[in-house]
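Each remark here refers to the structure printed beneath this line.
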Amino acid sequence: MLLKTITRKGTLLLQGLYHHTRHQRLVPGVTLVATASIFSWFVVTNLQPRIQDQPPNSPVHTSPEKSTQHSDRLNHSCFSSTMPHTNNKMREDALYGMFIGDSLSMPVHWYYDTDNIKRDFNGWLTGFEAPRKRHPTSILTISAVGGAGRSTFSGKQKSVIGDIILHGKLQYWTKNDRSVHYHQGMAAGDNTLNNHCALRAAIQASKDPDASYDAVLSSIMTDYVHFMTTPNTHNDTYAESYHREFFKSWDKNGSPTQPEEVMSYVEKRVKDLENKHLDHNIDGIGALVHPIPLIIQYADKPVDEAAKQAVKLTRMTHASVNLDPFVDVYARTLHGILNGESLREKINEALTSPPIGNVRLPKLFEEYSKKARKYEKGSEKRLEIYQSAVSQMGLACYIKGSMVSMFFLAYEFHDDFEGGMLANTNCGGENCNRGSALGALLGAEAARIGKTIPERFKSGLNILKPGIQSVVDKW
């Protein structure tokens, strides 16, 4: 076995090679020796301290109702429950912000060594770009095509990729080439699959402002099934584990398409899996993306209701109780900003409340912010501080660490939408889904304090821009 000491860049590269595999708990000041399951020839020593939790994959023995009630109870003492007073400009910029954050990062999604960003694009990204043909650390071709996680394709199993979803894209998942870009073929300003699904949810939620919560969720899930299983509805190549698991099970349960049948399948799946061990790749920050439009749509509803609906939607798509409290905290944070509360104040509440619950984080944020202020705004030296912070707090997809790093960028760039979006992109890692969650917060805050999103970012969006604007026009 090859032993080597992992420096910062080596750490980032290793994360890129197995960014969806199980994380170990890392305690500051303690040396970690671990073997990556799919790259057992790596042994990591002297790994930098990171603010990460254990991989959120342990089963939680609770019902959806109890989990939501528990999450609500935890947050009532920490989050404002005042009646909302949102405005449509905040909604608009929150919605645009999530798509901008995703699209800017798309070409460098899962770049774990940030030097590769600078190399591939002849400098740091400053706007929308198309992805390069080759991805420096892609593991697309060892991702499971029949469900969640990692595997090689045997040809004996039914493939979710190609047969059920992502029609015509199986060839990219099964190539004998470890450099296939996750979003190959997309153009500058395009959005990834999770954002396509989020826009579909936004369209469904905005159709009838008087529709019941259950009716909206039913329309979202029925449309999700239709969208994902219909060829040529989008141009992405990658689908997260939760999509693959959902449609693997959907196929085994008769491939329902009618609203009542879809909801019957969804509810049964949620119940069947509530106490089951799920693949640890399910519990990522991508879980925040689909419900963001629902939070925005329900900004004029009581915060408890908006958060509850966001959690319910995520449970329907992901079927993981582990995600409930994280979605709840994010929903309350965004809802608060949409109703006039300060982004920084809401972040401090979120950091010190369950499920993050780390009173040291606000101080850590300030320490990194102080380091960054030593260098000129927009400088490479300052960017390096942000890259170091995100690397320490959570560079990969796992929900707790990635939410902490997302909140750090939101805290640091609370009054600078453009700066925050570009910093997130150039920090690499799971920057697309992190960027969506960040973009919604920064967009809402920009409108709250009387600033605007630069027009070049809105106009630079490509395929999804008409759909986004159609939702905005209904408010």
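In terms of UniProt numbering, the sequence shown is residues 1 to 475.
By construction, the Cβ of each residue, glycine as well, lies at the ideal position given by its N, Cα and C atoms.
- Out of 387, 288, 411, 406, the CA that lies nearest to the CA of residue 342 is found in 411.
- Separation of residue 447 and residue 453 (C-alpha to C-alpha, rounded to the nearest whole angstrom) is 8 Å.
- With a 10 Å radius around the Cβ and a threshold of 16 neighbouring Cβ atoms, residue 248 comes out buried.
- Note on geometry: alpha-carbon atoms of residue 239 and residue 180 lie some 14 Å from one another.
- Per DSSP, the beta-bridge partners of residue 180 are 134.
- DSSP places residue 223 inside the alpha helix (DSSP H), whose first and last residues are 213-229.
- According to DSSP, residue 284 shares a beta bridge with 398.
- Residue 289 and residue 433 do touch by the CB rule: their CB atoms are close to 6 Å apart, below 8 Å.
- Here residue 139 is actually not in contact with residue 285; their C-beta atoms are around 18 Å apart, not less than 8 Å.
- Residue 134 is classed as exposed because its beta carbon has fewer than 16 other beta carbons within 10 Å across all chains shown.
- Counting every other CB atom within 10 Å of its CB across the protein chains shown gives residue 158 a total below 16, marking it as exposed.
- Membership of residue 363 in the alpha helix (DSSP H) is indicated by the continuous run 361-372.
- Across the structure, residue 307 and residue 96 are spaced so that their CA atoms are roughly 20 Å apart.
- Residue 337 sits close to residue 441, with the two beta carbons spaced by under 8 Å.
- A contact between stretches requires three or more CB pairs, one per stretch, nearer than 8 Å, and the region 268-287 fails this requirement with the region 203-212.
- Secondary structure note for residue 460: its alpha helix (DSSP H) is the uninterrupted segment 455-460.
- Between residue 413 and residue 350, the C-beta gap is not smaller than 8 Å, which leaves the two residues out of contact.
- Sequence-distant Cβ neighbours of residue 225 in its own chain, meaning closer than 8 Å and more than five residues away, are 250, 256, 257, 262.
- Listed as beta-bridge partners of residue 143 by DSSP are 150.
- If you ignore the 5 residues before and after residue 298, its C-beta comes within less than 7 Å of the C-beta of 305, 306, 309, all in its own chain and listed in chain order.
- Cα atoms of residue 444 and residue 458: separation of roughly 14 Å, rounded to the nearest angstrom.
- Its chain contains 285, 394, 430, 434 as the residues whose beta carbon lies nearer than 6 Å to that of residue 402, once the 5 sequence neighbours on both sides are disregarded; these appear in chain order.
- Annotated three-state conformation of residue 356 is coil, per DSSP.
- Judged by DSSP in its simplified three-state form, residue 296 adopts helix.
- For residue 100, the enclosing alpha helix (DSSP H) has its first and last residue at 88-105.
- Assigned with DSSP and collapsed to three states, residue 449 falls in coil, not helix or strand.
- Between the alpha carbons of residue 121 and residue 115 lies a distance of about 10 Å.
- In terms of Cβ geometry, residue 355 and residue 329 form a close pair [threshold 8 Å].
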